[in-house]
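For the sequence shown, the UniProt record's numbering begins at 1 and goes up steadily by one. A virtual CB, placed ideally from N, CA and C, is assigned to each residue, including glycine.
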Amino acid sequence: MPALDAIDRNILRLLRLDARMSNAKLAAEIGLSPSACLRRIKIMEKSGVIRGYTALVDTGNADEMIAVIINITLERQTEDYLDRLEAAVRRHPEIRECFLMTGGSDYLLRVEVANAGEFERIHKEILSTLPGVLRIHSSFSIRNVLATRTRGRR
Numbered sequence: 001m002p003a004l005d006a007i008d009r010n011i012l013r014l015l016r017l018d019a020r021m022s023n024a025k026l027a028a029e030i031g032l033s034p035s036a037c038l039r040r041i042k043i044m045e046k047s048g049v050i051r052g053y054t055a056l057v058d059t060g061n062a063d064e065m066i067a068v069i070i071n072i073t074l075e076r077q078t079e080d081y082l083d084r085l086e087a088a089v090r091r092h093p094e095i096r097e098c099f100l101m102t103g104g105s106d107y108l109l110r111v112e113v114a115n116a117g118e119f120e121r122i123h124k125e126i127l128s129t130l131p132g133v134l135r136i137h138s139s140f141s142i143r144n145v146l147a148t149r150t151r152g153r154r
């Protein structure tokens, strides 16, 4: 992976805000020629610094969805326990993200629900059945501060 300089970091910052920004606009904001800007992007893509691009999809009532952050603590931190939990999590599309963590819990999961009743179902049918789980701690989000970036706020 190449060392990133200030220009590369600035390109990445702007692409995180708007990955569909035209190369000409991006180059102008960075202070490079379009060809030099595109060359840097291609290098970062080829080296894996930029792994891909994604779309933020409005699922209808995205503003009404509640993100629930779940900390999972396992009974043991053996390879078998980690593998079993990860395999189980992959079978449930309701779980949007799953991170192996350091610190107070072993995994951090994110789900999105419309209401507490929906979360209760997920807790009963999915989270409480995950293998090797010692403790589940859930926190409900109030608002996604960064989600508003796409609507013109920074």
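Assigned with DSSP and collapsed to three states, R51 falls in coil, not helix or strand.
I70 is the residue among P34, A28, I70 and V49 whose C-alpha sits nearest the C-alpha of F99.
Scanning its chain for C-beta atoms nearer than 6 Å, with the 5 sequence neighbours on each side dropped, one finds around F140 the residues I66 and V68, in chain order.
For the pair of segments examined, the region 70 to 89 was found to touch the region 121 to 138: the number of CB pairs separated by less than 8 Å reaches three.
For L17, the enclosing alpha helix (DSSP H) covers residues A6 to L17. Contact between L14 and L26 is confirmed by a C-beta separation of about 6 Å, below the 8 Å threshold. Per DSSP, I95 lies in no alpha helix (DSSP H) segment; the continuous beta strand (DSSP E) that holds it begins and ends at I95 to L100. If you compare the alpha carbons of I41, A6, S138 and R16 with that of N23, the shortest gap goes to I41. Going by C-alpha positions, L12 is about 11 Å away from C37. Around the Cβ of M21, a 10 Å sphere holds fewer than 16 other Cβ atoms; the residue is exposed. Sorting E45, N10, L4 and G117 by C-alpha distance to the C-alpha of E29 places N10 at the top. Selection V49, E75 and L109 evaluated against V89 yields L109 as nearest (Cα-Cα).
Under the three-state reduction of DSSP, I70 is assigned to strand.
In the DSSP annotation of this structure, I122 is not part of any beta strand (DSSP E); the continuous alpha helix (DSSP H) holding it starts and ends at A116 to E125. The criterion of a C-beta distance shorter than 7 Å is not satisfied by V111 and I136.
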